[in-house]
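**Q** My questions will all concern the structure given below.
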Amino acid sequence: MRLKVPPTLNQFTKTLDKNLASNLFKMLLKYRPEDEAAKKERLLRKAQAETEGKTVEAKKPIAVKYGLNHVTYLIEQVSRQFILHMLASTSPLRCGILLITYFPITYFLQKKSQLVVIAHDVDPIELVVWLPALCRKMEIPYCIVKGKSRLGAVSVPVTLQFKNFAVKGEL
Numbered sequence: 001m002r003l004k005v006p007p008t009l010n011q012f013t014k015t016l017d018k019n020l021a022s023n024l025f026k027m028l029l030k031y032r033p034e035d036e037a038a039k040k041e042r043l044l045r046k047a048q049a050e051t052e053g054k055t056v057e058a059k060k061p062i063a064v065k066y067g068l069n070h071v072t073y074l075i076e077q078v079s080r081q082f083i084l085h086m087l088a089s090t091s092p093l094r095c096g097i098l099l100i101t102y103f104p105i106t107y108f109l110q111k112k113s114q115l116v117v118i119a120h121d122v123d124p125i126e127l128v129v130w131l132p133a134l135c136r137k138m139e140i141p142y143c144i145v146k147g148k149s150r151l152g153a154v155s156v157p158v159t160l161q162f163k164n165f166a167v168k169g170e171l
């Protein structure tokens, strides 16, 4: 007798091959979050430039985002202002769930994630088993890699959020 594995769990057995995973991790290591010393140095240089009267761009460096709740927020990112505007412009009787479900989901979403990377051996698996389904629903590419320890060197789970278009070519 053969035991059947549910498809939501079986998808975690299909991970990136070694060549593609090594290229992915090389790219992810370029965008590691800055440590406290680098952040302090960057802010100190900015403060010194401002005291001298120079204008300095106050942009944070591009970095991977991590943490299950933060990654989920970046995938979903509901535009609360639009929802409140729509609810305020309708009658009180129509402000229920039915009104919101009639609007296309793309009105509410600002998809900020460019790629979601998930480790295959998260324990318990229930923590991330729903994440691929959410990524498919929001049309955000995702991949599953072997080893949470290897991904943990960057951060687990990881989402990429880019502003410049030169980096998107690497995806």
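For the sequence shown, position 38 (counting from the first letter as 1) is numbered 38 according to the working numbering, and the numbering increases by one without interruption. Cβ coordinates follow ideal geometry from the N, Cα and C atoms, glycine included.
Following the continuous alpha helix (DSSP H) through Ala-38, name the residue where it begins and the one where it ends.
**A** 36 to 51 is the extent of the alpha helix (DSSP H) around Ala-38.
**Q** For Met-138 and Glu-126, what's the separation of their Cα atoms in angstroms?
**A** Met-138 and Glu-126: Cα-Cα distance of roughly 20 angstroms.
**Q** Can you give me the Cβ contacts of Leu-151 inside the same chain, cut-off strictly under 7 angstroms, excluding the 5 residues immediately before and after it?
**A** Cβ neighbours of Leu-151 beyond the five flanking positions: Val-117, Ala-119, Val-145, Val-158.
**Q** Quick check on the DSSP output: the alpha helix (DSSP H) that includes Leu-115 runs from which residue to which?
**A** Segment 115 to 119 is the beta strand (DSSP E) holding Leu-115; no alpha helix (DSSP H) there.
**Q** According to the neighbour-count rule (16 or more other Cβ atoms, all chains shown, within 10 Å of its Cβ), is Val-154 buried or exposed?
**A** Val-154 is buried by the Cβ-count criterion.
**Q** From the DSSP output, read off the bridge partner residues of Val-172.
**A** Only positions 1 to 171 of the chain appear in the structure, and residue 172 is not among them; the question remains open.
**Q** Going by CA-CA distance only, name the one from Arg-32, Ile-140, Leu-131 that's closest to Leu-115.
**A** Among Arg-32, Ile-140, Leu-131, the Cα nearest to that of Leu-115 is on Ile-140.
**Q** Could you give the DSSP three-state label for Tyr-31: helix, strand or coil?
**A** Of the three classes helix, strand and coil, the one that applies to Tyr-31 here is coil, per DSSP.
**Q** Just to confirm the assignment, what range does the beta strand (DSSP E) spanning Ile-144 have?
**A** That run of the beta strand (DSSP E) goes 142 to 145.
**Q** How would you call Val-5, buried or exposed, if buried means at least 16 neighbouring beta carbons within 10 angstroms?
**A** The residue in question, Val-5, is exposed, as its Cβ has fewer than 16 Cβ neighbours within 10 Å.
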